[in-house]
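Read the structure below first, then the notes.
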Amino acid sequence: HQETPFNDRQRKMINALQGDFKGKLNSSKWAKMTGVHRDTALRDMQDLVDKGVLSGTGEGGRSTNYVLLMPS
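Numbered by our numbering, the letters in the sequence shown go through residues 176 to 247 in order.
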């Protein structure tokens with residue numbers, strides 16, 4: 176994934192998940208952490224799912240949590 180272009184928020188998200196992030200990551204939590212609208216956070220996360228970096232778990236919608244797929 177080194178050649179895959181990520182925006183600054185996505186890089187921050189990946190670094191947080193590789194580091195000491197505790198709990199479950201969802202779009203609402205990520206929006207609060209980055210100061211962006213929930214829809215923007217969701218687009219960032221969906222882009223990372225499409226790139227094979229994140230996987231969504233749960234039933235979808237607001238209950239979706241995300242986990243990192245790429246190696247740390």
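Every residue, glycine too, gets a C-beta built ideally from N, C-alpha and C.
Is T209 helix, strand or coil when you go by DSSP? helix
To the nearest angstrom, report how far apart L244 and Q221 are at their CA atoms. 13 Å
Quick check on this structure: which residue in T215, G235, T239 and S230 has the alpha carbon closest to the alpha carbon of D129? Summary: the structure shown does not reach residue 129, with the chain confined to residues 176 through 247, and so no result is reported for it.
Does G231 come out as helix, strand or coil in the three-state DSSP assignment? strand
Can you give me the C-alpha to C-alpha distance between T209 and G233, rounded to a whole angstrom? 23 Å
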